[in-house]
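Here's the structure we're looking at; comments come further down.
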Amino acid sequence: SCAVVGSSSVVSAFRAALDRSAAAYQWYSRIEDVVVGEHDSLAILANDYPAVQEFDDATAKAVAAMLDAGGSVYAEFATDRAGIMPRPSGEPRTANFERIYVAASNEITAHFAPLTVFDEHSSVMLPVSARGTEVLSYGTVAGTHTAVFGPPAESWPALLDIPVGSGRLLYAATALSNAVRGRYKPVARWELLLDSVVAALTGAGTAPTPVALFTEPRVWAVTGTKPLLRATAAAGRAIVANGNIPLRETTPGRYASEPLDLPDGTHEFSIDGATTTLLIGPRADRYRRMVDRGIAWFDRAGMFFDAPDGSKGVAEGFSNELGPDGVPPFREQPRADGYVQVAHAFRMYGDETVAGNLMRLVDDGMQILDRNALYGSYEPRGDRRDFGATNNLFADDNGWIAMFALVSGHTASGLRAVEALIRTSHHELGAQTNPWRTPTTLLADGWEGLSKRPFRHALDVSSHWNSSAQSAMLCAYGVTGDRRYLDTAMRSLDHMASAYPRTRLETSRTCEAVRFLFPLAAAYRYTRKPLYLDTMREIAAYLKEHQDVNGGIVEWDGRGPISNAAYGTDEASIFQANGDPVTDQLYGTAYAAMALPLAYHVTGDDVFADLATGVLDFLSRIQIDEGDPLLDGTWMRAFDVEAWDYFGSNCDLGWGPYCVETGWCQGPALIGAMMWLTGDEIFPDPGAATPGNRALARQVLAEFDAIAAGVPAQTSYRLRSDGRVVRTQTVDGVGQVSAVAGDVLAEGEPAWVRHRDSIEVYARGKDGLLHHSYVHDEYGQGLWRPVGELRIAGDPQVTIDPASKAVVVSARGADGVLYRTTMSDVRGGHTPWIAVGETPFTGVPAVEYRPGDGVAVAE
């Protein structure tokens, strides 16, 4: 029998492997309780992983005794002073992009092809000197299921098979037993690996071929369909499920039943301990369940922070890098594109409170209204704070924000964002130039320069970067009826459709096709242009070719790394090569969920209906349902349709296979399901455009024209009831534009003055300090910063000293005494506060200039 030392709850993966084996075993919490002579094998598990086990003398003695008796020992993530364990060659390290792969063939790896990959997320490994046979290795290897470029230049042992006298030591340089707790992927592969380790440890030789049982389609099927029961097992078997359903061998090791005629309800099947369940029922019921669970996830998983009404925003989701505890890292980054997509999903669901709160946050703090080439764009990574903190103004992010702003009724801000996209589109092709644009690029080139930037070649455009911008312009046409928006969108669509399928690939051809379909369908709704319909049907044929039997559209023609060294160094696809059966929920499937119902509603073509229900069926089948409040009801980025598990090539530097995104995945997927259920087409009928919206379009155009012509604006500031400072810009003959001016929370009315090429603005904060910001004529809004540590009791007074040309700020301190500070250059900061006499005052100070006397402060 086998003696196992460790906590069965923490190392449940190893216990499950023992339970699946025929071996007898006994669990011990302490090595001192093990009587070595009563067992012929010993496993010491890393109970405190990721802390390294340090074997004491008693443990080392027990290991030596077992090996001396000719027994087998499995030890993981351990060191000792006796020299039985391999010697460490470095400190423990986190395997960020390194994965475990098969390095040698023996009975442990008999079920796996050479170089098979095991994804252990961000596991912790102990570099050790190799002894015996290196069965598994750690290394940075490119590939989805196997290391396609062979072993890497640098590797470390992961599992060593070491003969010690007449005994055998299996040494793992990490905790293989952490597979369940750490959510290692794919699950079935890890189970078979641990089964093989247990078989080798207990002397059973090669682990038996497991039986896998599943239905086709998986999880559920529509009322009236006839599913199949399928199994994988050792070749040449006679397999019967439930005692009366025979399965014939279709290819060696693969079995299938005849089509099953099943009534609505839940059906269970079993073979040799393997079980599976299939639900039969109406499609609409399944979609509603998917939507209900997806909406509930936001609050349950803490995506709304501590405000379930969305008033504090929505988090980006979970990062890809799962740690040893298997908990996905919370990603609190606010993203305007995620806000608007989630807002629209909640609006369609009937929750106007959450939708309205999220959209107000976008409108209040995320649109740039500085009078320069950034005007109208949204800061896509949180509140607009200052030009130095502005992230790249990605064209795709801004397109989605603009479109959903228009759909939600935030017409003015949406039209400004659309106009910014038009001004930055190519003057001939209409496509977005430099779509990952940095603020410095926009400020340096200006709208005119950016719109005339040459493409490297005529096809240097992709739907990844252009589809949302095109969709926003089309939505603007629907809202206003203004042909100018439609004409710009059509120029880029005509260029791309005429060349389809030749296009630049940002992630994969599959994702490009899905993303292109969305604006094509909207444009066809408005124009009925045959080119758009023909291109849509060509895309549909391509998607049909790559649609899995369960409805998922498998990735094809991706941007995978070209070597092991390139793995994990850039943004990339979540599959390596054509034929890897992986779907992409972040860049593909969720957007297909929106695009395909729209294409069907617009065209009435059954091919789009079949594709749409297939994709939505697939999303409902793979929606996570594991009893985990953090993940149940959502989707991760990569899903392997053959392993039927979330798994993919973990090489993307930003968004790997295990990330969870509230926008780009969760929001669009739910929107798509509700579009199918309701018939909603998102894009409004241009015949319903109101005179007010048409007037807004003219005003927005005038705003941009005034900025391009260098027409100055009259600026004023006021305090809003919620403590935010609002800046209002007025241009004669154009109108007023108001926006929240940064993130300060103020207590009193702001004061401001023009100084050189900036407007300097001051406000008493809720913290009692004076806060300062500025708006530079060229660069725009600066950060709010406190001016010293003086607590003030009233609103400030600000003016310019005509002699020194310095800004002079006067304020009453908390002690009632008047204080003054000056600022000649914002880079040099303000002088320390100086008391003006010792007399306490009440009220607001006033400033008067007297020739020859300088500045006098009076009450």
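Quick note on this note's numbering: the sequence shown kicks off at -2 and runs consecutively. Even for Gly, the Cβ is constructed at its ideal location relative to N, Cα and C. Fair warning: this is a prediction, and the values are worked out from it, not measured in the lab.
Thr113 and Thr141 have their C-alpha atoms roughly 9 Å apart.
With respect to Ser126, Ser152 sits apart: the two C-beta atoms are not nearer than 8 Å. In the DSSP assignment, Val814 falls within the beta strand (DSSP E) that extends over 814 to 820.
Within its own chain, the residues whose Cβ lies closer than 7 Å to the Cβ of Tyr643, once the five positions on either side in sequence are excluded, are Lys182, Met633, Ala635, Phe636, Pro654, Tyr655, listed in chain order. Contact annotation: Ile536 and Leu502 have beta-carbon atoms that are not nearer than 8 Å. Taking 8 Å as the upper bound for CB-CB distance, Pro224 and Leu257 are in contact here, some 6 Å apart. Nearest to Phe680 by C-alpha distance, out of Val311, Glu835, Ala518, is Ala518.
Per the coordinates, the alpha-carbon of Arg328 lies some 21 Å from the alpha-carbon of Asp393. Per the C-alpha coordinates, the member of Glu552, Gly549, Ile571, Val546 positioned closest to Pro558 is Ile571. In this chain, the beta strand (DSSP E) harbouring Thr274 covers 271 to 278. Ser448 sits away from Arg413, with the two beta carbons spaced by 8 Å or more. In the DSSP assignment, the residues bridged to Met122 are Arg90.
Looking only at Trp553, Ala587, Ala562, Gly443, the smallest Cα-Cα distance to Arg512 is reached by Ala587.
Scanning the segment 537 to 614 for uninterrupted beta strand (DSSP E) segments of 3 residues or longer gives 579 to 581, listed from N- to C-terminal end.
Two segments are said to touch when three or more pairs of C-beta atoms, one from each, lie closer than 8 Å; by this definition the segment 397 to 408 does not touch the segment 793 to 808. Gly67 is a Cβ neighbour of Ser163, given a cutoff of 8 Å. In the three-state reduction of the DSSP assignment, Gln330 falls in the coil class.
Tyr523: not part of any beta strand (DSSP E); member of the alpha helix (DSSP H) spanning 506 to 524, first to last residue. Leu319 has no beta-bridge partner at all, per DSSP. Here Arg721 carries a strand assignment [DSSP, helix/strand/coil]. Shown here for Ala832: same chain residues with a beta carbon closer than 6 Å to its own, the five before and five after excluded, namely Val814, Tyr816 in chain order. Cβ neighbours of Arg215 within its own chain (closer than 7 Å, five residues either side excluded): Asn547, Arg618, Trp641.
For the segment 152 to 199, the full-length beta strand (DSSP E) segments reaching 3 residues or more read 152 to 161, 164 to 169 along the chain. For the set Thr273, Gln544, Asn395, the Cα lying nearest the Cα of Leu210 is the one of Thr273.
Only buried fits Thr106, as 16 or more other CB atoms lie within 10 angstroms of its CB. Following the DSSP letters along the chain, one finds Gln794 in no alpha helix (DSSP H) but inside the beta strand (DSSP E) bounded by residues 794 to 797.
For the pair Thr130 and Asp158, the CB atoms are nearer than the 8 Å cut-off.
As a beta-bridge residue in DSSP terms, Ala228 pairs with Leu210, Tyr252. By the 16-neighbour rule on beta-carbons within 10 angstroms, Asp282 is exposed. Your pair Ser505 and Gly555 checks out as a contact, with CB atoms roughly 4 Å apart and the cut at 8 Å. Residue environment analysis places Gly147 among the exposed positions, since fewer than 16 neighbouring C-beta atoms fall within 10 angstroms of its C-beta. Residue ranges of uninterrupted beta strand (DSSP E) with 3 or more members, entirely inside the segment 683 to 739 and ordered along the chain, are 711 to 716, 721 to 728. By the Cβ criterion, the segment 304 to 316 is not in contact with the segment 241 to 259, since fewer than three pairs of Cβ atoms, one from each stretch, lie closer than 8 Å. In the DSSP assignment, Trp462 falls outside any beta strand (DSSP E) and within the unbroken alpha helix (DSSP H) covering 460 to 477.
Pro243 sits exposed, since fewer than 16 C-beta atoms from the chains shown fall within 10 Å of its C-beta. Comparing alpha-carbon positions, the option among Pro516, Val415, Glu509 lying closest to Met487 turns out to be Pro516.
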